[in-house]
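Structure first, then comments.
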Amino acid sequence: MAGQPWAGVAVAATERDAHTGLWALGACLGLIAPAAQANTPPERAEVQFKALDYRERQPGADRVDVQAATVSLYTPVGERAALLLSQTVDAISGASPAYHTQRLTPLKDFRRAWAAAGTGYFKDGSVTASASTSDENDYHSKAGGLTGTWNSASRNTSLTGGVGVSTDVIRPVYGGFEDRKLVRDALLGVTQVFTPRDIVQATLSHTWGSGYFTDPYKLLDERPRTRHISRVLLRWNHHIAGTDQTVRMSYRYSTDSWALKSHTATLEWVNPLRNGWTLTPSVRAYSQTAARFYLPVDPKIAPAPPFPPIDAQYFSADQRLSAFGAYTAGLRIDKAFNRNWSADLKFEQYQQRGTWAWGSGGDRGLAPFSATWLQMGLTRRF
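Residues 153 to 534 (the working numbering) are what the sequence shown spells out, left to right.
Now the structure itself:
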């Protein structure tokens, strides 16, 4: 489905697709195993398998279902380098609203994605180059990125910078046309160890997008051909004295040229237990304003679609561009069987309402939206 390059659902789809630039940044700069961000190359190789089941719902109707599987290899290369290779396969089915939360249209698609990243390690830092490609029936994407880190042991500081680019080709099934989209990203971050128990990170990023942003499968949808997004991300990890527990907190603010502003606050509690078990409950709160060209539900004619102003150049009745708030509760369970085998299981429940938008009310005419996802993983080190 055009405009929805499923990359393993990390947040609910409506929240993610409202910020396609953020996905592009992740595709260009983030397709790296967490260990690839360390100061030294991994000592051992690992193969990881991940399976995801994602389901969207609204009252009286099922929406999009996604089943995804990812296989990845992360391995040292010599003494000063590491390589990551991964493949993801997604099966997408269900129904998507043509406008607001009305007129659900059946959909079915299949996606294959590949990613590769190579990291070279130096005395005081590392450089990583990454590339990825994604192919659907009507959406084809290629991305690449370059990131570098510099570490100051004397100041307990790490600096990170990166650039990325993605190019997309859109060929709607029923559209009879082809169009393109270009997204460029830049990122700058600093990580500081303040105390033996506290690490703080601040990251600034910006996205420049041009090309086709309209969703061809929506009624009343004509969007600008440019979109610029600026974001700030703050993270704080605090280790609780006298325990093995760690609290992870983060806040992200995003603003773009469509007048869409969002806030995301996340809290995780990492709680290691006996016999290799770790429990990590989490909560996330999200809120966004509406895009300046969003067409809210008109109660006088609902459920019929609204009419854009006669002189409107851009307009959209896409629920994802409305003002809304959302809350997510999750639980991750990790189990280390021995030094070679480990497994993880994560479940999250997402709830979205227009009335939950922070500061000002969202579109009250939209049906409540919910999503659940279950992710399972198995890792073998050798």
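Yeah, the Cβ is synthetic: ideal placement off N, Cα and C, and Gly gets one too.
*8 Å Cβ cutoff met for residue 360 and residue 336*: Position 208 of the sequence shown, counting from 1, holds the residue named residue 360. Position 184 of the sequence shown, counting from 1, holds the residue named residue 336. In this structure, the beta-carbon distance from residue 360 to residue 336 falls below 8 Å.
| field | Candidates 279, 214, 289: closest to residue 327 by CA position | value | Mapped onto the sequence shown, residue 327 falls at position 175. In terms of CA proximity to residue 327, 289 leads the group 279, 214, 289.
Item to complete: Kindly list the residues whose CB is nearer than 8 Å to the CB of residue 350, restricted to its own chain and excluding five residues on each side of it in sequence; keep chain order.
Response: In the sequence shown, counting from the first residue as 1, residue 350 sits at position 198. Within the same chain, and ignoring the five residues on either side of residue 350 in sequence, the residues whose Cβ sits closer than 8 Å to its Cβ are 388, 389, 390, 391.
Helix, strand or coil for residue 535 per DSSP? Since the first residue shown for the chain is 153 and the last is 534, residue 535 is missing from the structure and cannot be characterised.
Pick from 205, 228, 356: whose alpha carbon is nearest that of residue 533? Here residue 533 refers to the residue found at position 381 of the sequence shown. When only C-alpha atoms are compared, the closest one is 228.
Is residue 200 near the ligand HEM, with its Cβ less than 7 Å from a heavy atom?
In the structure shown, the ligand HEM is absent, as is every other ligand, since no ligand is present at all.
Margin query: Please classify residue 178 as buried or exposed, where buried requires at least 16 neighbouring CB atoms within 10 angstroms.
Written below: Counting from one through the sequence shown, the residue named residue 178 turns up at place 26. At residue 178, the pLDDT of 37 sits below 50, so the modelled position is not reliable and the matter cannot be decided from this model.
### Message
Relative to the C-alpha of residue 307, which candidate in 245, 298, 343, 321 has its C-alpha closest?
### Response
Within the sequence shown, the letter at position 155 stands for residue 307. The shortest Cα separation from residue 307 among 245, 298, 343, 321 belongs to 343.
- Could you check the C-alpha separation between residue 210 and residue 253 for me, to the nearest Å? By one-based count along the sequence shown, residue 210 stands at place 58. By one-based count along the sequence shown, residue 253 stands at place 101. In a straight line, the C-alpha of residue 210 is about 8 Å away from that of residue 253.
Residue 214 and residue 246: beta carbons closer than 8 Å? By 1-based counting over the sequence shown, the position of residue 214 is 62. By 1-based counting over the sequence shown, the position of residue 246 is 94. Judged by their CB atoms, residue 214 and residue 246 are nearer to each other than the 8 Å cut-off.
May I have the straight-line CA-CA distance separating residue 353 from residue 340, to the nearest angstrom?
-> Here residue 353 refers to the residue found at position 201 when the sequence shown is read from its first residue. Here residue 340 refers to the residue found at position 188 when the sequence shown is read from its first residue. Distance between the alpha carbons of residue 353 and residue 340: 11 Å.
- When the Cα atoms are used, what is the spatial distance from residue 530 to residue 220? Position 378 of the sequence shown, counted from the start, is the residue given in the question as residue 530. Position 68 of the sequence shown, counted from the start, is the residue given in the question as residue 220. It is roughly 14 Å from the alpha-carbon of residue 530 to the alpha-carbon of residue 220.
Whole runs of the alpha helix (DSSP H) within the stretch 204 to 251, excluding any shorter than 4 residues: Here no run is fully enclosed.
For residue 473, three-class secondary structure by DSSP: Working through the sequence shown from its first residue, we reach residue 473 at position 321. Note: residue 473 maps to helix in three-state DSSP.
For residue 345, which residues of its own chain have a beta-carbon under 6 Å away from its beta-carbon, when the five flanking residues on both sides are left out?
The residue you call residue 345 lines up with position 193 of the sequence shown. For residue 345, where only same-chain residues beyond five positions count, the Cβ hits under 6 Å are 308, 351.
Going by alpha carbons, who is nearest to residue 399 out of 366, 434, 476? The sequence position of residue 399 within the sequence shown is 247, counting from 1. Answer by Cα proximity: 434.
_Top-ranked residue by Cα proximity to residue 282, from 315, 212, 474_ = By 1-based counting over the sequence shown, the position of residue 282 is 130. In this structure, 315 is the residue among 315, 212, 474 with its C-alpha nearest to the C-alpha of residue 282.
Exposed or buried, what is residue 500 when buried is set at 16 or more other beta-carbons lying within 10 Å of its beta-carbon? By 1-based counting over the sequence shown, the position of residue 500 is 348. Burial call: buried.
Q: Taking 8 Å as the threshold, find out whether the stretch 475 to 483 comes into contact with the stretch 454 to 465 through three or more Cβ pairs.
A: The stretch 475 to 483 is not in contact with the stretch 454 to 465.
Taking the straight line between their C-alpha atoms, what separation do you get for residue 404 and residue 510? Along the sequence shown, one-based indexing puts residue 404 at 252. Along the sequence shown, one-based indexing puts residue 510 at 358. Taking the Cα positions, residue 404 is about 14 Å away from residue 510.
What's the C-alpha gap between residue 140 and residue 294? Since the displayed the chain opens at 153 and closes at 534, residue 140 lies outside it and no answer follows.
TODO: Measure from the alpha carbon of residue 348 to the alpha carbon of each residue in 330, 319, 517, 394, then state which is nearest.
DONE: Along the sequence shown, one-based indexing puts residue 348 at 196. Of 330, 319, 517, 394, the residue nearest in Cα terms is 394.
In chain order, what residues of the same chain have a beta carbon less than 8 Å from the beta carbon of residue 196, not counting five sequence neighbours either side?
-> Taking the sequence shown and counting its residues from 1, one reaches residue 196 at position 44. Within the same chain, residue 196 has close Cβ partners 228, 533, 534.
Checklist entry - For residue 223, does the count of other Cβ atoms within 10 angstroms reach 16, so buried, or fall short, so exposed? => result Taking the first residue of the sequence shown as position 1, residue 223 is located at position 71. Residue 223 should be labelled exposed.
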